[in-house]
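Let me begin by presenting the structure, written as structure tokens, before commenting on it.
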Amino acid sequence: MNLPTDLQTAPQGWADPGHPAGEDEERIMFLEPHQFVSDRSIAMPPARLSRRARAGLWLLRIFALIVSLMVIYTFIAQLH
Amino acid sequence: MSVLEEVGSVAPAGLVHEDVVRSEDRARVFDARRRGRRWSLAWLLVGPGILAMLGENDGPSMISYATTGATYGLGFFVPFIAVTFGMAIVCQEMCMRVGAVTHRGYGELVLQRYGKVWGWFSAGDLAFTNLVTLIAEFVAIRVGMAYFHLGAPVAAGLGVALVLFTMSGGRYWRWERIVLGLALFNGLFLVSAILTQPHWGAVGHSLSFAPLPGGSFNTVLLLLASTIGATVTPWMIFFQQGASADKGMTAADIGHGRWDTIAGGVLAAIFGIGALIAGAALLTHDGATVQGLAGAGFPAALRAVSGGPAAALFALGLIEAGAVAVLTISASTAYAAGECVGASRSFNNSPRHALIFYIANVGVALLAAAIILIPGAPLLSIALNANVLAAVLLPVALIFVVILANDRALMGRWVNKRSTNVIAIAIIAFVAICGAAYGIDSFLTTVHLI
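Below, the structure written as structure tokens:
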């Protein structure tokens, strides 16, 4: 019985000794290649946002922060 | 070559327990699909969409709908609730699709694809709004329990006990089925509405979209913003994408994921309108002055007008709505925490191997439970402002959903259609305008500038 031993490729769980390698091969048929825990632990490469997109995101972020502060201030003022 | 192909695949060198449990769930899906068992397949794939939508029919949302009904009657808001759930379906479908195609949660994709700054901003928004919303959920449980003469400690204890119980099985499937079972009791609001014996002709007539109600401009803005915040929120985005990935959904399941999301939206709209109709029973009985949530609140006011059964069902509905939302919002916090620190984030893993996930899940519920034990807290105000804050912070979260759903390197042929993008951008603009209008108007009023 060959147990899965390579825990370095599976850092986010524990190898399951209750399921021998033969069963493993059967099981992987039901998971897509990128569905495994070991695959999901590999970071996606960064994407590049255009300068205009970044500016838009920062504008939206600042806008949301300011309005949030207004709502919080109003909430606190109404408590008094 | 898609980004998923670019990062490569290292499996199956070592299957871990989480993989094994997920593959067992997937085997049942494969089997049902192979044998052409349509209902069985639908049963296996239903979950994240209904849970996100009925989870958002939470305590503050139902209080918000009932407040609206008690203040303005049915008029404008019955069709408005239906429209906001239409908006929610568009947003949540994108989350489900991204989760099913990439098998990854929202937080980790934003963090990895667009940088740590945006990832941590998203997580920060979520942590803040989730904590405030969770407090409001415990408030709702407390309000419901107060009707049965049970105090705040029981409400706090029940919420935390439910979180501990549902996560105890070490399987996503078990957690999902328990919460789904609980979520169906959201229908109590509809039964309560029927027991108030509304004028159904008036309900039907309200669907013709009456003009905005009169009264204080600021109050109308508050109710508009809180109604939007009651249907689409940042936690739903994290939750549905994370849960779709945790459930093991794939691109082949997107069709079922869409029906799951639509079914959730329709059910949530019907039950939400039920709460509005029940609240509207108080309209001619000084309903706008119902403020005593720390004591009896809506259920007690409803008992005086529509009798004990309607009131008791409304109170039970509030307990259910709060409890289900405590479970789903805690889960979304846990998914986000695991994604942002790169730790295991699955109900299919044990607490020993997904420590951060489980600590975040229980910890945020415990913190919120502790806060409602503070005597004299302004409960109605917390509940309504929780929704408004969610609406204000939502546009930033939504814009990243749109960016991810258009990321061809991630999504391949599953990217957004042009029509989806147009609708999504219109929703973001609408939500931003409503949230900002209330925030700015109430701030200027508070500092006496208008």
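In the order they appear, the protein sequences are chains A and B.
Just so we're aligned: 67 in the numbering used here is position 65 of the first sequence, and the numbers increase by one with no gaps anywhere.
Just so we're aligned: 863 in the numbering used here is position 45 of the second sequence, and the numbers increase by one with no gaps anywhere.
Every residue gets a Cβ at the ideal spot worked out from N, C-alpha and C, and that includes glycine.
Suppose contacts are defined by Cβ-Cβ distances below 8 Å. Is residue i in contact with residue j by that definition?
| i | j | result |
| --- | --- | --- |
| A1096 (chain B) | A958 (chain B) | no |
| L1094 (chain B) | L892 (chain B) | yes |
| V1220 (chain B) | N1234 (chain B) | yes |
| Y75 (chain A) | F1261 (chain B) | yes |
| T984 (chain B) | V972 (chain B) | no |
| I1190 (chain B) | N948 (chain B) | no |
| V1144 (chain B) | A1001 (chain B) | no |
| G1125 (chain B) | I899 (chain B) | no |
| R1059 (chain B) | V916 (chain B) | Sequence inspection shows Gln at residue 1059 (chain B); the Arg mentioned does not correspond to that position. The answer is yes: Cβ separation under 8 Å. |
| N1004 (chain B) | D1259 (chain B) | no |
| I881 (chain B) | F1057 (chain B) | no |
| G1284 (chain B) | E994 (chain B) | The shown model of chain B, from 819 to 1268, leaves out residue 1284 (chain B), and the question about it has no answer. |
| M912 (chain B) | A1149 (chain B) | no |
| G873 (chain B) | G1140 (chain B) | no |
| D1078 (chain B) | G904 (chain B) | no |
| A1183 (chain B) | G977 (chain B) | yes |
| A49 (chain A) | R931 (chain B) | yes |
| V838 (chain B) | R989 (chain B) | no |
I'd like the list of long-range same chain contacts for residue i, defined as Cβ closer than 7 Å, with 5 residues on each side in sequence excluded.
| i | result |
| --- | --- |
| A1114 (chain B) | The pLDDT assigned to A1114 (chain B) is 44, lower than 50, so where the model puts this residue is not dependable, and the model offers no usable value. |
| H1171 (chain B) | S1162 |
| A918 (chain B) | S1062, M1067, T1068, A1069, D1071, I1072, G1075 |
| A970 (chain B) | R960, I1190, L1191 |
| I1174 (chain B) | A1155, G1156, V1159, A1161 |
| A1106 (chain B) | Low per-residue confidence applies at A1106 (chain B): pLDDT is 49, beneath 50, and the placement is therefore not dependable, though the value from the model is reported in the following sentence. Taken in chain order, the residues that qualify are A888, T889. |
Could you list which residues in chain B have their beta carbon closer than 7 Å to that of residue i, in chain order?
| i | result |
| --- | --- |
| A79 (chain A) | T1264 |
| R63 (chain A) | F939, V1214 |
| R42 (chain A) | H921, R922 |
| A45 (chain A) | Q930 |
| A66 (chain A) | V1210, L1211, P1213, V1214 |
Report all residues from its chain with a CB closer than 6 Å to the CB of residue i; omit the five preceding and five following residues, and keep chain order.
| i | result |
| --- | --- |
| V1084 (chain B) | none |
| N1224 (chain B) | V1233, N1234 |
| G1092 (chain B) | F1007, L1008, A1011 |
| L927 (chain B) | L1222 |
| L1042 (chain B) | C1252 |
| G15 (chain A) | Only weak support is given to the placement of G15 (chain A): the predicted model assigns it a pLDDT of 43, under 50, and the question is left unresolved by the model. |
| H1023 (chain B) | none |
Who are the neighbours of residue i on chain A, taking C-beta pairs under 8 Å?
| i | result |
| --- | --- |
| G1066 (chain B) | L33, Q37 |
| A1254 (chain B) | F65, V69 |
| R818 (chain B) | This structure does not reach residue 818 (chain B), given that chain B is present from 819 up to 1268, and the question cannot be answered. |
| L927 (chain B) | M46 |
| A1227 (chain B) | A49 |
Can you name, in chain order, every residue of its own chain whose Cβ lies under 8 Å from the Cβ of residue i, other than the five neighbours on each side?
| i | result |
| --- | --- |
| S70 (chain A) | none |
| G933 (chain B) | none |
So which residues of chain B does residue i contact, with C-beta pairs closer than 8 Å?
| i | result |
| --- | --- |
| A52 (chain A) | Before going on, a small fix: residue 52 (chain A) reads as Ser here, not Ala. What S52 (chain A) touches in chain B: nothing, since even the nearest Cβ is about 11 Å away. |
What does residue i reach in chain A if we use C-beta pairs closer than 7 Å?
| i | result |
| --- | --- |
| N1203 (chain B) | V73, F77 |
| V1206 (chain B) | V73 |
| G1257 (chain B) | V69, M72, V73 |
| A845 (chain B) | F32 |
Along chain B, in chain order, which residues have C-beta atoms closer than 9 Å to that of residue i?
| i | result |
| --- | --- |
| A57 (chain A) | Result: empty, since nearest Cβ-Cβ is about 13 Å, beyond 9 Å. |
_contact_flag[the segment 1043–1056 of chain B, the segment 843–862 of chain B] where n(CB pairs < 8 Å) is 3 or more_ = As far as the Cβ criterion goes, the segment 1043–1056 of chain B does not touch the segment 843–862 of chain B, which means the pair count is below three.
*If we count Cβ pairs, one from each stretch, closer than 8 Å, do we get three or more for the segment 1205–1223 of chain B versus the segment 54–72 of chain A?*
Counting Cβ pairs under 8 Å, three or more are found: they touch.
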